[in-house]
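Structure first, then comments.
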Amino acid sequence: MQRILVTGGAGFLGSHLCERLVEQGHDVLCLDNFFTGSKRNISHLLGHPSFELMRHDVTFPLYVEVDGIYNLACPASPVHYQHDPVQTTKTSVHGAINMLGLAKRLDARILQASTSEVYGDPEVHPQKENYWGRVNPIGIRSCYDEGKRCAETLFFDYFRQHKLDIKVVRIFNTYGPRMHPNDGRVVSNFVVQALRGEDITIYGDGSQTRSFCYVDDLIDAMQGMMSTERGFTGPINIGNPGEFSMLELAEKVLSLVGGRSKLTYMPLPHDDPRQRQPDIELAREKLGWEPRVSLDDGLKETIAYFRRLLQDAA
Ligand code: NAD
Ligand code: UDP
Ligand code: UDP
1 MQRILVTGGA GFLGSHLCER LVEQGHDVLC LDNFFTGSKR NISHLLGHPS FELMRHDVTF
61 PLYVEVDGIY NLACPASPVH YQHDPVQTTK TSVHGAINML GLAKRLDARI LQASTSEVYG
121 DPEVHPQKEN YWGRVNPIGI RSCYDEGKRC AETLFFDYFR QHKLDIKVVR IFNTYGPRMH
181 PNDGRVVSNF VVQALRGEDI TIYGDGSQTR SFCYVDDLID AMQGMMSTER GFTGPINIGN
241 PGEFSMLELA EKVLSLVGGR SKLTYMPLPH DDPRQRQPDI ELAREKLGWE PRVSLDDGLK
301 ETIAYFRRLL QDAA
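So the sequence shown is numbered by the UniProt record's numbering: it starts at 1 and just counts up by one.
Spelled out as structure tokens, the structure:
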């Protein structure tokens, strides 16, 4: 049993991770400022003797005693991270400094939730970890992309300079229950639109691609990475290599939900990457991991979740 800090623990991925850690018998400190996370996501854990919730912003120093840290705090959807872009960069950069300072004082292992966005709009396909990326430093996505890139830099400098026990995972698009219904991400948008019988909003011509990983698979990989030997730092890609265009995704969602939604076309956001697919050879080799849940099965779970959420809200 270990004491584990999960920053961003009331968010989509963080809440699944907290749940898993509590189930495994760890003592979990869930830290969140509730910008995009919610108590609802972790309400079933409140009251559990191994679970503790703390309202705190990672841009401020934190003095606690733990054995391991998962640093997930950061809004993840373009709508949310562009709402207050300065705060987004601060969360990634000051948040990383504070959590690394904490890890250094405690000599605790620390994992950073980085992102496929560090590859920007890639000219290499699929993306391997040794690709340096093509990121606009001054665009509307930069607060997130460059913030996460700088956080990676900090992690590797703390590793080189202070011999910290770091782990960096680059997460590709992940979906599942407890995604925020209004986060503007494509899976939540399409599912909610289909359930409400509203038109499905395709940005651009819908030919751009993404690879979607189901949350349970993702948590397996994150924990797998946290258990690798000291000195294996990553970065390591985790995601599902199955690649789909947004039109294909819309058709899948429509066929699973049924209903009368039609497709409607809207302008493509600035700097929207054309394509994205992880190369997961390193994860296969080092973690013995690969995703198991198909897009169809994962979407069914996600649709069931949003159906309940919309019913509860009605
Ligand atoms: P999310 O928005 O559901 O979760 C982020 C959590 O961090 C929220 O609970 C939010 O309230 C909290 N938070 C934000 N700023 C904070 C701050 N300054 N201090 C404390 N808490 C703060 O998003 P998610 O999808 O669960 O993403 C979790 C992490 O994984 C993020 O770091 C994100 O960048 C990364 N990631 C996610 C995906 C994905 O597809 N879901 C892909 C790549 C990377
Ligand atoms: N810090 C923290 N908790 C700790 C130790 C450090 O939040 O237990 C923060 C503190 O704000 C500090 C930052 O982490 O400025 C970086 O710490 P480090 O020891 O690397 O550098 P310092 O600025 O203290 O020299
Ligand atoms: N997208 C879309 N309709 C929507 C929301 C998003 O067509 O209602 C597109 C978006 O332009 C992008 C893709 O879906 O090409 C994935 O968007 P998301 O915000 O989920 O993730 P990211 O762009 O950060 O990978």
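Glycine included, every Cβ here is placed at the ideal spot set by N, Cα and C.
If you draw a straight line from the Cα of Glu152 to the Cα of Val118, it is about 9 Å long. Under DSSP, Met266 forms a beta bridge with Tyr203.
Excluding five sequence positions before and after His48, the CB atoms of its chain that fall closer than 7 Å to its own CB belong to Val22, given in chain order. A heavy atom of ligand 2 is found nearer than 6 Å to the CB of Tyr63. Counting only the Cα atoms, Lys104 lies some 24 Å from Phe51.
In the DSSP assignment, Gly68 falls within the beta strand (DSSP E) that extends over Gly68 to Asn71.
Here DSSP, grouped into helix, strand and coil, assigns Gln112 to strand. CA-CA distance, Leu62 to Asp32, rounds to 12 Å.
According to the DSSP assignment, Asp216 belongs to no beta strand (DSSP E) but to the alpha helix (DSSP H) extending over Val215 to Met226. In this structure, Gly8 has its beta carbon at no less than 6 Å from each heavy atom of ligand 2. When beta bridges are read from the DSSP output, Met54 appears opposite Leu31. In the DSSP assignment, the residues bridged to Leu5 are Leu29 and Ile69.
Under the three-state reduction of DSSP output, Thr174 falls in the strand class. For Asp272, the Cβ falls inside the 6 Å cut-off from some heavy atom of ligand 3.
Taken in chain order, the complete alpha helix (DSSP H) segments of 4 or more residues contained in the region 133-181 are 142-162. Checking the DSSP bridge columns, you'll see Gly120 partnered with Arg134. Here DSSP, grouped into helix, strand and coil, assigns Gln87 to helix. For Ile236, the enclosing beta strand (DSSP E) has its first and last residue at Ile236 to Ile238.
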